[in-house]
Every structure is written in C-alpha cells, then in structure tokens.
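Protein chains in written order, with this note's numbering: chain A, 1 to 235; chain B, 236 to 342.
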C-alpha cells in the first residue's frame, strides 16, 4: 500500500486528503443526525463501515426515523446505490485478485471512482482509486462514530457550507473530461434529465435516467471499428 | 427488540445489495470483452452520471429546491474549475460562498 501512495504526486495526495476531510465532516453530521433520530449509537457505526455509501445511509435513516419500515428503507437505499453497477462497468480492473478484490470492490464510491477516472495512466489510476477509497473507508466511519458520540453538540453543519463541498469535489474532478464538446453535451443533457425527474421520482432514479444522455455521444461507426466489431463477434 | 432485529435485517439488505452492485460490473467484464465503442460508451456513462449527481446534489433537497446558497457555492466552484484553479481552492471556495450567503440570511 505504501508503494501505491508513493505513486501519487504531492498535488494529487493533497486533493485526495481534502476530499477525505470533507467526507469526515459530512460523516460527523450523519452520525449526529442518526442519534438525534433515535437510532442506537452502534447503528451509524455499523452502517458506515458495512454500506460505505453516504447518500443511501442518510436516506435509510431518514425513512426509518419517520416511521418507515427498515426493509423498505434498504430498498430505497439500494436504488440510490444502483449507480455503482455502471461505475463498476466503466472502471478497468484496479484491484487485483483475492482479498484485494473484496476490499477494492467495497471501497468503490463516487469519490474513488471520479479520482480514478480523472487520471491518465493505469498506475496512477490504481493509486488514486485505492488511496481515496481507503481514505473514505477510514474517514466516513470515524466521522460518523464521533458525530454519534457528540450527538446534539453538533448543530446543522450546513452553516459551514459543507453540503456544497460534495458537488464541488465531483465537478472539479470531471471538469477536464467536460472540455470535450461531445462529453459536455451529453453531461448537460444528463444533468437536465436528472433535474427534470428529481421532483417526481424516488432518490437515485434521476441519476440513472441521466444515462440515456450518453446515447447522444454515439458517432457513426468508422469502417475500421465495424471490422473490429465483426472480428470480435466471430471470436 | 423486534425493532432492532428489523433494523439489522435492513442493514444486511442494504450492505449486501450495495456490495453486489459494486461487484456486478466487474463480474460482467470478466465474462464479456466489450468492443471499443461500448468501452467508450461506458466511460462516457460514468461522466454523465457524475454530472447528473452534481446537478441533483447542488440544486435539490428531497423532491424540492435546495435554496440559493448551495447552488451558488457550487457555481462559484465551477467557475474556478473553468479558470483552472487548484482543486483545494475550488472546493473551499464552494463551501465558503455557501456559508457566507447563509450567514447573510440567504437560504
């Protein structure tokens, strides 16, 4: 793991550290909200380690706190987390075999995926993915546990603008990809689809619907690609 | 007690299901070699979804509007990203703009 960390340049290390720190702060408010909603202290602790996907965990707690059935809350959370299916399809194998695959699969989240996608070569991609993934694995639960312990001492962290940090982190990291016109058009269309759907559909679904916009990036196939395709079909 | 058992059941469903989501694409990739065009679409799909995530987390709260302070902060971050500002500056500026607006009474 230390060799992975050394692969990262100082700038990238600093960026990942800041992102993990933001995750830690959001974890604080998540833990505090969980306890304030009447859940036992062990619950946000266990959930933050085992699920490790913030938005779905906060939604789960919100539904249970308002009297919802935990199984229904879990299904709503799963809908939010369904975006990990296309994430795992988009990423090359960055984890290696055995226990690394288990752990590496578990630490897949918005932050580790976007940091990996923003890198050029496979070695840096792998290093960024693991460093950010493990950083979130440490920061999210430790923030949640501390927040749960501090409980009512932590008031709404939105006063510090922390809720603006998550979208800003993702935006900063996809920005280089958006300089490509075709990608930018698809991204804007996807954002518009998600925003139009958000008032009507359950959380998670709007972002999945946005995937339809990627079809607009399709270009007419070149002859070479067609030949390659046919070669694959025969093989 | 029954409440706790249900909670644990919900926790198990969510954590196992989430892990399955994370694993599914990997397993599919081991069985199928995607043609280059499909690879291109898949990578584009991740960026499009992340952009949609930015839009929804910046602008919405539940099924409604999140208020002006948060999207204003994210917009400030976006402008700085466009001007190629360092990551640290982008993220901290987004939080700072949102916090200052709320301090001034803009929700």
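Note that the Cβ used here is the ideal one computed from N, Cα and C, for glycine as well.
Owing to the predicted nature of the structure, the values given are computational and were not obtained by experimental measurement.
Check	Outcome
Residue 44 of chain A and residue 144 of chain A: beta carbons closer than 8 Å?	yes
In angstroms with no decimal places, state the Cα-to-Cα distance between residue 101 of chain A and residue 130 of chain A.	11 Å
Report the three-state DSSP secondary structure of residue 9 of chain A (helix, strand or coil).	coil
Would you kindly check if the distance between the Cβ of residue 127 of chain A and the Cβ of residue 7 of chain A is under 8 Å?	yes
Can you name, in chain order, every residue of its own chain whose Cβ lies under 8 Å from the Cβ of residue 142 of chain A, other than the five neighbours on each side?	24 and 27
Looking at chain B, which residues of the stretch 130 to 147 of chain A have a Cβ within less than 7 Å of any of its Cβ atoms?	none
Spatial neighbours of residue 191 of chain A within its chain, please: CB distance less than 8 Å, with the 5 preceding and 5 following residues excluded, ordered by chain position.	210
Leaving aside the five residues before and after residue 304 of chain B along the sequence, list all residues of the same chain whose C-beta is less than 7 Å from its C-beta, in chain order.	333, 336, 337, 341 and 342
Using the beta-carbon count (16 or more within 10 Å), is residue 42 of chain A buried or exposed?	exposed
In the stretch 308 to 320 of chain B, which residues sit with their C-beta less than 9 Å from some C-beta in chain A, listed in chain order?	308, 309, 311, 312, 313, 315, 316, 317, 319 and 320
Could you tell me how far apart the beta carbons of residue 245 of chain B and residue 74 of chain A are, in whole angstroms, since I believe they sit closer than 8 Å?	4 Å
Would you please verify whether the beta carbon of residue 236 of chain B is less than 8 Å from any beta carbon of chain A?	Residue placement at residue 236 of chain B is poorly supported in this model, since its pLDDT is 41, which falls under 50; the coordinates still yield a value, given next. It does not: the Cβ of residue 236 of chain B has no partner Cβ on chain A nearer than 8 Å.
List the residues of chain A that residue 323 of chain B touches, going by C-beta distances under 8 Å, in chain order.	14, 15 and 18
Compute the Euclidean distance between the alpha carbons of residue 65 of chain A and residue 36 of chain A, then round it to the nearest angstrom.	9 Å
If you pair each beta-carbon of the stretch 314 to 326 of chain B with each one of the stretch 166 to 179 of chain A, do three or more pairs fall below 8 Å?	yes
Determine the direct distance from the alpha carbon of residue 90 of chain A to that of residue 161 of chain A, and round the result to whole angstroms.	31 Å
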